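Chemist:
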Amino acid sequence: MTPVQSPLIDKVLNTFQTLYKEEPIIVRSPGRVNIIGEHLDYNDGFVLPAAIDKAIYVGISKRNDEVIHLHSVDYNENFTVSLNEVRPTKTWTTYILGVVDQLIKKGYKIGGFNLVLDGDVPVGAGLSSSAAVECATAFALNELFSLGMEKIEMVKMAQKAEHAFAGVMVGIMDMFASMFGKKDHVIKLDCRSLEYEYKPLKLEGYKVVLFNTNVKHSLSSSEYNTRRKQCEQGVAWVKEHHPEVTALRDVNMDMLNKYVLTKDEIIYKRCKYVVEEIDRLLTGCNDLDRGDIKGLGQKMFRTHEGLSKEYEVSCVELDFLVESVKNNEFVLGARMMGGGFGGCTINIIKEEAIKDLQEKLSKDYTKATGLELTTYIAQIESGTERIR
Ligand code: GLA
């Protein structure tokens with residue numbers, strides 16, 4: 008296997024040597040896409056993510072004191088804090104410090120360290136740059152201090168760091184995908200048992216294309232936590248009649264019609280989307296196994312409709328992008344991806360049609376919204392790894 012090449016590796020190395028006069032360990036941790044199965048991870052459902060070629064790179068070395076020195080190449084910023092004074096911040100440092108905090112709480116012995124961070128995962132694009140930073144940090148500290156953690160422990164730790172330091176009650180998908188990604192494969196992850204299976208992503212002349220709206224609405228974290236609570240409320244109402252039910256994974260439409268619709272229409276809509284999306288993901292996986300990319304693509308359009316009208320986590324910009332490609336013969340599927348309220352749409356597009364479509368869509372998008380459209384063709388890459 009050829010190791011991942013990126014000019015960012017040299018950039019991190021050079022910055023590290025200049026700043027700290029040391030030779031770092033370097034770790035790469037990628038962003039992710041998710042083919043189908045949105046807002047299912049925290050409902051004990053399934054997801055179908057993959058790690059991509061855009062990644063975070065972290066260089067790290069030990070210090071002889073108990074101080075953490077951080078440097079971001081992108082922001083050209085330094086940050087220094089004592090190990091015993093680690094607190095949440097409102098900047099990029101919070102994702103690194105959140106992981107340190109979890110390690111300390113779990114009783115792992117770490118000392119002071121120098122760290123340089125750089126990456127090309129666009130922030131706020133719904134490609135999980137924060138999970139990539141957390142996974143890179145956990146992996147790098149594990150290597151540096153020989154902590155002996157397994158990947159799955161680091162994934163759970165990264166998720167907790169996000170809960171405690173960023174205040175968003177995210178599911179496990181982003182960290183899992185970043186850590187466990189495999190080149191040219193998607194991961195079918197059961198978010199209840201954490202069992203997973205790699206599936207080859209064979210698109211036969213089609214590509215995974217991301218269109219970035221370049222909007223990030225401030226709503227995203229508060230609404231995310233609200234959706235989670237609404238799902239829990241739905242479960243609680245069903246549970247009154249079916250005590251064995253612990254998550255929307257265990258719920259069917261019949262139960263929702265009987266016990267949730269009668270109580271609250273909005274909560275019903277949220278739960279309905281989730282129950283249907285679990286089914287869509289499972290049949291979508293069968294499509295993928297059979298090589299029926301068209302079938303999978305159709306389901307992606309329906310997922311978008313559910314996210315937009317029932318789960319209500321889309322926005323006009325995302326809706327515009329999906330609507331614009333809906334009747335295009337070269338686009339098999341499209342939908343908003345990730346938490347919502349901005350970020351990217353994920354599209355499956357015929358390779359030779361990408362350039363023309365991108366040009367036309369860029370113009371139309373700017374005309375309609377006044378914003379710029381950014382396009383990425385996602386390559387599916389391996390997960391978190393030490394590269395130096
Ligand atoms: C964000 C969260 C994930 C997941 C998605 C929606 O990316 O971090 O845990 O819930 O939204 O599928």
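Numbering follows our numbering, in which position 29 of the sequence shown is assigned residue number 36; successive positions increment by one, without gaps. Backbone N, C-alpha and C define an ideal beta-carbon position, used for all residues, glycine too. Every value quoted in this text rests on a predicted model; they were computed, and no experiment measured them.
May I ask whether a heavy atom of ligand 1 can be found less than 7 Å away from the beta carbon of M180?
Modeler: Along the sequence shown, read from residue 1 onward, the residue named residue 180 stands at position 173. Result yes, Cβ under 7 Å from ligand 1.
Chemist: Thinking G44 and L134 are a contact (beta carbons under 8 Å), I'd like their distance in whole angstroms, please.
Modeler: In the sequence shown, residue 44 corresponds to position 37, counting from 1. In the sequence shown, residue 134 corresponds to position 127, counting from 1. That pair is no contact at about 16 Å.
Chemist: In chain order, what residues of the same chain have a beta carbon less than 7 Å from the beta carbon of T381, not counting five sequence neighbours either side?
Modeler: Counting from one through the sequence shown, the residue named residue 381 turns up at place 374. Answer for T381: N219, N221, listed in chain order.
Chemist: State the DSSP-derived secondary structure class of Y203, mapped to helix, strand or coil.
Modeler: The residue labelled residue 203 in the question sits at position 196 within the sequence shown. In this structure, Y203 counts as strand in the three-state DSSP scheme.
Chemist: Okay, do the segment 103-110 and the segment 166-180 touch, 3+ Cβ pairs below 8 Å being the bar?
Modeler: Yes: at least three Cβ pairs fall under 8 Å.
Chemist: Starting from the N-terminal side, write out each stretch of the alpha helix (DSSP H) that is 4 residues or longer and does not extend beyond the segment 220-253.
Modeler: Correct list: 227-246.
Chemist: Spell out the partners DSSP gives F86 in its beta bridges.
Modeler: As a working mapping, residue 86 is identified with position 79 in the sequence shown. Answer is L77.
Chemist: Less than 7 Å separating the Cβ of Y49 from some heavy atom of ligand 1?
Modeler: Counting from one through the sequence shown, the residue named residue 49 turns up at place 42. At least one heavy atom of ligand 1 is nearer than 7 Å to the Cβ of Y49, so yes.
Chemist: Which full runs of the beta strand (DSSP E) of 3+ residues lie inside the segment 319-393, going along the chain?
Modeler: The qualifying runs are 338-343, 349-357, 381-384.
Chemist: For F53, name the three-state secondary structure that DSSP assigns.
Modeler: As a first step, residue 53 must be located in the sequence shown, where it is residue number 46. Strand, per DSSP.
Chemist: Who are the near neighbours of K214 in its chain, counting only those whose CB is closer than 7 Å to its CB and skipping five residues on each side?
Modeler: In the sequence shown, the residue the question calls residue 214 occupies position 207. I356, E358, I361, I384, listed in sequence order.
Chemist: Apply the 10 Å Cβ neighbour rule to D209 and answer buried if 16 or more other Cβ atoms are within range, or exposed otherwise.
Modeler: Indexing the sequence shown from 1 puts residue 209 at position 202. Per the sequence shown, residue 209 should be read as Lys rather than Asp. Burial call: exposed.
Chemist: G298 bridges to which residues according to DSSP?
Modeler: Counting from 1 along the sequence shown, the entry for residue 298 is found at position 291. Answer by DSSP bridge pairing: none, since G298 is not bridged.
Chemist: Kindly indicate which residue of G52, L47, L55, I117 has the alpha-carbon position closest to the one of L75.
Modeler: Position 68 of the sequence shown holds residue 75. It should be pointed out that residue 75 corresponds to Ile in this sequence rather than to Leu. Among G52, L47, L55, I117, the Cα nearest to that of I75 belongs to I117.
Chemist: Taking only beta-carbon atoms, is H249 less than 8 Å away from chain C?
Modeler: Note that chain C does not occur in the displayed structure, where there is just one protein chain.
Chemist: Hey, is G302 close to ligand 1, as in C-beta under 7 Å from one of its heavy atoms?
Modeler: What you label residue 302 is simply residue 295 of the sequence shown in a count that begins at 1. G302 Cβ: outside cutoff for every heavy atom of ligand 1.
Chemist: Under the three-state reduction of DSSP, which class applies to H192: helix, strand or coil?
Modeler: On the sequence shown, residue 192 is found 185 positions in, with the first residue counted as 1. Looking at H192 - three-state DSSP - the assignment turns out to be strand.
Chemist: So, under 8 Å CB-CB, M343 and S321 are touching, yes? Tell me the CB distance rounded to an integer number of Å.
Modeler: For the purposes of this step, residue 343 is taken as the residue at position 336 of the sequence shown. For the purposes of this step, residue 321 is taken as the residue at position 314 of the sequence shown. Correct: roughly 5 Å between the Cβ atoms.
Chemist: What are the start and end residues of the alpha helix (DSSP H) that includes I16?
Modeler: For the purposes of this step, residue 16 is taken as residue 9 along the sequence shown, with counting starting at 1. Per DSSP, I16 belongs to the alpha helix (DSSP H) from 14-27.
Chemist: Could you tell me which residues DSSP pairs with L122 in its beta bridges?
Modeler: Taking the first residue of the sequence shown as 1, we reach residue 122 at position 115. L122 is bridged to I67, L77.
Chemist: Using C-beta distances below 6 Å, list every residue in its chain close to A145, excluding the 5 sequence neighbours before and after it, in chain order.
Modeler: Here residue 145 corresponds to residue number 138 of the sequence shown, with the count starting at 1. The answer, listed in chain order, is V106, M161, M164, A165.
Chemist: Spatial neighbours of M156 within its chain, please: CB distance less than 7 Å, with the 5 preceding and 5 following residues excluded, ordered by chain position.
Modeler: As a working note, residue 156 is residue 149 in the sequence shown. N149.
Chemist: Mind checking whether L303 and D294 have CB atoms under 8 Å apart?
Modeler: Taking the sequence shown and counting its residues from 1, one reaches residue 303 at position 296. Taking the sequence shown and counting its residues from 1, one reaches residue 294 at position 287. It is a contact, given that the beta carbons lie within the stated cut-off.
Chemist: Considering only residues of the same chain and omitting the five flanking positions on each side of S68, which have a CB-CB separation below 6 Å?
Modeler: By one-based count along the sequence shown, residue 68 stands at place 61. Only E29, P31, N121 meet the Cβ criterion.
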